[in-house]
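Enquirer: Keeping their order, the protein sequence lines are chains A and B.
Using this note's numbering, the letters of the first sequence correspond one by one to residues 54 to 934.
Using this note's numbering, the letters of the second sequence correspond one by one to residues 13 to 155.
Handing you this structure, nothing more for now.
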Amino acid sequence: MDELDDIIKEFLVESYENLDQLDRDLVALEDAPDDRNRLSSVFRTIHTIKGTCGFLGFPILEHVTHVGENLLVKLRDGELRLNGEITNGLLAMVDAVRTILANIEVSGTEGSDQYEPLVEALELLRSGKSVVATATASAPVAVSSVGAVPDTDAELVESTEDRVGETIESIESMVNDLTQSPSKGRKRSSKKSEPKPKAQKAEPKVKAPAKRKTPAKPKAEAKAKPAPKSSSKAQSEQKSKAAPKPKAEPKSKRSPAKQPVAEIVTVPSLAEAPVQPVVAVAPVEQPVPVVESEISHHEIAHAEVPTSPARKESKSTAAGNAAASNDAESSSESGEKNQAISETTVRLDVALLDRLMNLVGELVLARNQILQFSQSTSDPGLIAASQRLNLITTELQEGVMKTRMQPIRNAWSKLPRVVRDLAQSCCKKVVVQMEGADTELDKTILEAIKDPLTHIVRNSVDHGIEPPEVRVANGKPAEGTLWLRAFHEGGQVNIEIADDGGGINLERVRAKGLEKGLITEEQAASMSDREAMQLILLPGFSTAAKVTNVSGRGVGMDVVKTNVEKIGGTLDINSVAGEGTTLRIKIPLTLAIVPGLVVTCGGDRYCIPQVSLLELVRLDAERARGEIETMHSVPVYRLRGRLLPLVYLDEELGLRPPRTEAERREAEKVNIVVLQAEDRQFGLVVDQITDTQEIVVKPLGQHLKGIPSYAGSTIMGDGTVALILDVIGLARQGHVLTEHGGRAIHEMNNKGERSQSQRSYLIVDPGDGSRAAIPLSSVARLEEFKADQIERSGHQAVVQYRDEIMPLISLDGGYGGGCGDGAMSVVVFRAAERNFGVMVGKIVDIVEHDAAGNGPMIAGTPQIIGGRVTQVIDLMQLVCA
Amino acid sequence: MDTQLSYCTFRVEDLHFGVEVLRVQEVIRQQHMTRVPRSSPVVRGLMNLRGQIVTALDLRRRIGIPERTSTKPLMNVVIRTGDGPVSLLVDEIGDELQVDSSRFEPSPETLQGMPRELIRGVYKLDNKLLLVLNIDPVLKLSA
Chain A
54 MDELDDIIKE FLVESYENLD QLDRDLVALE DAPDDRNRLS SVFRTIHTIK GTCGFLGFPI
114 LEHVTHVGEN LLVKLRDGEL RLNGEITNGL LAMVDAVRTI LANIEVSGTE GSDQYEPLVE
174 ALELLRSGKS VVATATASAP VAVSSVGAVP DTDAELVEST EDRVGETIES IESMVNDLTQ
234 SPSKGRKRSS KKSEPKPKAQ KAEPKVKAPA KRKTPAKPKA EAKAKPAPKS SSKAQSEQKS
294 KAAPKPKAEP KSKRSPAKQP VAEIVTVPSL AEAPVQPVVA VAPVEQPVPV VESEISHHEI
354 AHAEVPTSPA RKESKSTAAG NAAASNDAES SSESGEKNQA ISETTVRLDV ALLDRLMNLV
414 GELVLARNQI LQFSQSTSDP GLIAASQRLN LITTELQEGV MKTRMQPIRN AWSKLPRVVR
474 DLAQSCCKKV VVQMEGADTE LDKTILEAIK DPLTHIVRNS VDHGIEPPEV RVANGKPAEG
534 TLWLRAFHEG GQVNIEIADD GGGINLERVR AKGLEKGLIT EEQAASMSDR EAMQLILLPG
594 FSTAAKVTNV SGRGVGMDVV KTNVEKIGGT LDINSVAGEG TTLRIKIPLT LAIVPGLVVT
654 CGGDRYCIPQ VSLLELVRLD AERARGEIET MHSVPVYRLR GRLLPLVYLD EELGLRPPRT
714 EAERREAEKV NIVVLQAEDR QFGLVVDQIT DTQEIVVKPL GQHLKGIPSY AGSTIMGDGT
774 VALILDVIGL ARQGHVLTEH GGRAIHEMNN KGERSQSQRS YLIVDPGDGS RAAIPLSSVA
834 RLEEFKADQI ERSGHQAVVQ YRDEIMPLIS LDGGYGGGCG DGAMSVVVFR AAERNFGVMV
894 GKIVDIVEHD AAGNGPMIAG TPQIIGGRVT QVIDLMQLVC A
Chain B
13 MDTQLSYCTF RVEDLHFGVE VLRVQEVIRQ QHMTRVPRSS PVVRGLMNLR GQIVTALDLR
73 RRIGIPERTS TKPLMNVVIR TGDGPVSLLV DEIGDELQVD SSRFEPSPET LQGMPRELIR
133 GVYKLDNKLL LVLNIDPVLK LSA
């Protein structure tokens, strides 16, 4: 029983994968209906499902796939051309299969739905060209007459002999097509094979079924003769197959009686109309169809044979999985490729990977402990060993992380289908373009973003992209485009979903916000565009004029936002009216091991995930007194001219009562960790900032789940436990973030304006007490070098930096100040594909400077920045000089 | 019918408690604990149990016994639960006792100062009473 369960489980997993592939293929096929490779891939997929479910005993599923398969045969053979209607039918079939599979997964049975309407629809589609309609109709007649008078039987067969010849020829040509595939050599069936010996072989084969019904014998032979070549070919094909005969036997026993119509249907599709009469015989003279199917065996029988052979076949699937699947797939070019993939990949249980991941997490912790221990020892052996351990652990960690990484394609794969269905239901035309589908991210994250992605895509198609008429009227191509982009950036994955639709109508958003009572009239009037945009993310907000079955129910973007934030991501909307909307999701690569900043507070250590970390500011007592101000009893710090609300960690954690203003002023020094929480920044005041470290995130136990301040816990290098702070939770708790984001919106608004007229400058002291400003955008890194690291090459001071020789440039023309005391600050920047270093005496600060207020910032001319005369330096000019 | 049951026993103040031995993963000395600000006072902290982070609950506070005055190190009774181990901090570990079910009695109505649902009942031993903890409710903190 267990074994069977395993087989079913495997069948389900495999089938789900196949179905996803099917969705993709069908949608792609709609654009290129003549792509034969894809058609055969679709065909194979359905066929595999059908075959296996026959074996496992799922008649409904088998019936549905069988009908779909019949339709596909006609498509593949070029009798029908794929159109929207047929695609719909096939997709509906895929959905039905999915439903049945889901039923099987849940209850072990197929469910009670018989899918009759679907089957009928598919049958109708298949007979779209009415060729087969007559065949099916005439079949029973032929059957009865033939059955009554044996002579007619013979006549009929004889009269159809010529046609059989044609049929066989056409089969032959198909077989040829097939054998020209790369799998040729492997299968020993090529054009070169001599017809004669094979013709001999063909006879026994024909006889085998004939034993059961003598009258069939001459017919069968007659049939075999006109086309020895083709039958021999089929024979040789068979030889490469494991079980042609067993397959034929059950068929002759059961299938004709069971499903005569299906039988008739399938064969004409093989060889077009002329086959009709032959087929008509099928239900009566069992051996004949057997011969028929044997001749065409490899190419079609595999696929056509209903019910019982399929059962046989899948038995072999179960028994020798690889062999059978090769079998099914070898009829196309992709067969070999697939085989190659199956040989180099292993299907693994995610639970096992999770376990491995946990163990690696433990190892990382142990490594951290050993490293810490080895720092306090002078034993060179231990130090060397621990360094090696360090390297290996890091590599192992990366390796195991990689096993959990999956290309985002897996999450995207169903989107084209979603878009297609949706576009069709709202009479729009949309193409999906994907970039960076190979971008990898952790499986858990991938799972978590699947639904939000679908939601966003639905929104884009439903609300974003306009109907074709509107688009054309606006001078856009009738077909809308939806872009899906993914790329890595700074340890995070960026996912963009962009459309070239109408953009977000902010007036409507405002009006809707008013109507729903989410904002007041004054707010609506004073609201900036960016603020209005954020309204979309509020719960219960939808601008859709009417509720459709796809969107407009008001549960949407807020759910998307919550889901994205749940996995530590952020969501950003950009929209230009009339040009389109871009949604950007930023999510961490992985959740299990993250870099974190270790701080202390009240004697305990806490970790802050580095993703939310923006910068660290330390104020000495004097500056703290002057620069920490109180606004409405809320402490704030002016960070480059902007007000940064401060949250004291010890107060937030309830370790001490809130400070009075006087107490705040008396602080010795203030360490501020500037953090990003959603769309707003705040400063977290801690006692001490210790270090950054890779931390292994462990979930909190049952007793601590409800506390918003913590995101998890971790074990530090010395073996003690430290809590990981939840930045967003802290921000909420400290009232920096409010539910409706009122303050957040203002803050962001300021930010938006700032970026237009202000630039950031790095203020340095060149060494002579004066001030110089370097545009921050051109600075790559800030480094410190010891005086003895600086070497000379000719007249040029250089330093070895990251395996290259970096020239050092001095600002004052001399050797540079500040190197006397051993360490020197160097501003590293890149120009002409290499690094340059500017020696400075001291890094002073980073300031925001409003260029607009001071006239244009011309490099080389002094400016007043932060109340002091400052020389603005153009780094490029320095390089040239 | 008399059946023998094994209990891991421990002491808090002058009370003797018992937990079915099968539920006890191990007994260890007091470890370094990281306090968790803003959590329930019953949560004494988090400790590292061979790479696993375990929440330590103060049994004394859980069942409402007044704070103790001694500074003697506490002991951890690590209990298996569906969500991983949880530790109970107790004053002292006693023996593993085999007790006779005939000596069992549901906790008396007059039991005061202690939530009755946390005590399943009492074994009348020769020289003392053994209070059997209803361990799952004990480990469950209602927010």
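Glycine is no exception: its CB is placed at the ideal position from the N, C-alpha and C atoms.
1) Mapping DSSP to helix, strand and coil, what is residue 751 of chain A?
2) Is there contact here, the segment 749–761 of chain A with the segment 61–71 of chain B, by at least three beta-carbon pairs under 8 Å?
3) With distance defined between alpha-carbon atoms, name the residue in B:74, B:45, B:43 nearest to residue 147 of chain B.
4) Measuring straight from C-alpha to C-alpha, what distance separates residue 507 of chain A and residue 117 of chain A?
5) The beta strand (DSSP E) with residue 660 of chain A in it runs from where to where?
6) Consult DSSP for residue 760 of chain A and reduce its assignment to one of helix, strand or coil.
7) Per DSSP, residue 915 of chain A is paired with what?
8) Using a Cβ cut-off of 7 Å, pull out every chain B residue sitting near residue 775 of chain A, in sequence order please.
9) Count the other C-beta atoms from every protein chain shown that fall within 10 angstroms of the C-beta of residue 136 of chain B, then say buried if there are 16 or more, exposed otherwise.
10) Listed in chain order, which residues of the segment 69–83 of chain B have Cβ atoms closer than 9 Å to some Cβ of chain A?
11) Does the CB of residue 746 of chain A have a neighbour CB from chain B at under 8 Å?
12) Let me check one thing: in DSSP terms, what residues is residue 74 of chain B bridge-paired to?
13) Name the residues in the segment 752–776 of chain A whose C-beta lies less than 7 Å from a C-beta of chain D; which are they?
14) With a 10 Å radius around its C-beta and 16 neighbouring C-beta atoms as the bar for buried, classify residue 741 of chain A as buried or exposed.
15) Does DSSP put residue 832 of chain A in a helix, a strand or coil?
16) Residue 94 of chain A by DSSP, collapsed to three states: which one?
17) Quick one: complete beta strand (DSSP E) runs, 3+ long, within the segment 700–740 of chain A?
18) Let me check one thing: in DSSP terms, what residues is residue 541 of chain A bridge-paired to?
19) Quick one: list the residues of chain A neighbouring residue 95 of chain B, beta-carbon separation under 9 Å, in chain order.
20) Determine the direct distance from the alpha carbon of residue 771 of chain A to that of residue 854 of chain A, and round the result to whole angstroms.
21) What's the C-alpha gap between residue 820 of chain A and residue 677 of chain A?
22) Express the C-alpha separation of residue 410 of chain A and residue 785 of chain A in angstroms, rounding to a whole number.
23) Any C-beta of chain A within less than 7 Å: which residues of the segment 25–51 of chain B qualify?
24) With a threshold of 6 Å on Cβ separation, who are the neighbours of residue 665 of chain A within its own chain once the five nearest residues in sequence on each side are excluded?
25) Have a look at the DSSP bridge pairing and note the partners of residue 112 of chain B.
26) Which residue wins for smallest C-alpha separation from residue 704 of chain A, given the options A:719, A:737, A:440?
27) Residues bridged to residue 38 of chain A by DSSP?
28) Any idea if residue 892 of chain A is buried or exposed, counting beta-carbon neighbours within 10 angstroms, 16 or more meaning buried?
29) Name the chain B residues whose beta carbon is nearer than 7 Å to that of residue 657 of chain A?
30) Mind checking if residue 139 of chain B is an interface residue toward chain A, Cβ cutoff 8 Å exclusive?
31) Interface residues of chain B around residue 618 of chain A at Cβ under 9 Å?
32) Using the DSSP secondary-structure output, state which residues sit across from residue 892 of chain A in a beta bridge.
33) Identify the residues that DSSP records as bridge partners of residue 627 of chain A: which are they?
34) In whole angstroms, give me the CA-to-CA distance for residue 138 of chain A and residue 178 of chain A.
35) For residue 116 of chain B, collect the residues of the same chain with a Cβ closer than 7 Å to its Cβ; drop the 5 residues on either side in sequence, then sort them by chain order.
36) Write down every uninterrupted run of the alpha helix (DSSP H) in the segment 497–538 of chain A whose length is 4 residues or greater and which is fully enclosed by it, in chain order.
Expert: Looking at the atomic coordinates:
1) strand
2) Under the 8 Å Cβ criterion, the segment 749–761 of chain A counts as touching the segment 61–71 of chain B, having at least three qualifying pairs.
3) B:74
4) 27 Å
5) 657–662
6) coil
7) Per DSSP, A:924.
8) 46
9) exposed
10) 69
11) no
12) None, per the DSSP bridge assignment.
13) Here chain D cannot be found, since the structure's protein chains are A and B.
14) Label assigned to residue 741 of chain A: exposed.
15) Coil.
16) helix
17) 723–730, 733–739
18) Beta bridge pairing from DSSP links residue 541 of chain A with A:546.
19) 754, 755
20) Rounded to the nearest whole angstrom, the CA to CA distance from residue 854 of chain A to residue 771 of chain A is 33 Å.
21) 26 Å
22) 32 Å
23) Within the segment 25–51 of chain B, the residues whose Cβ lies closer than 7 Å to some Cβ of chain A are 44, 46, 47, 48, 49, 50, 51, listed in chain order.
24) 728, 729, 780
25) B:16
26) Nearest C-alpha to residue 704 of chain A: A:737.
27) There is no way to answer for residue 38 of chain A, as the model of chain A reaches only from 54 to 934.
28) buried
29) 46, 47
30) no
31) Those within 9 Å of residue 618 of chain A in chain B number zero; the least Cβ separation is about 21 Å.
32) A:863, A:879
33) A:635
34) Whole-angstrom Cα-Cα distance: 8 Å.
35) If we look at residue 116 of chain B and ignore the five residues flanking it on each side, its Cβ neighbours are 133, 135.
36) 521–526
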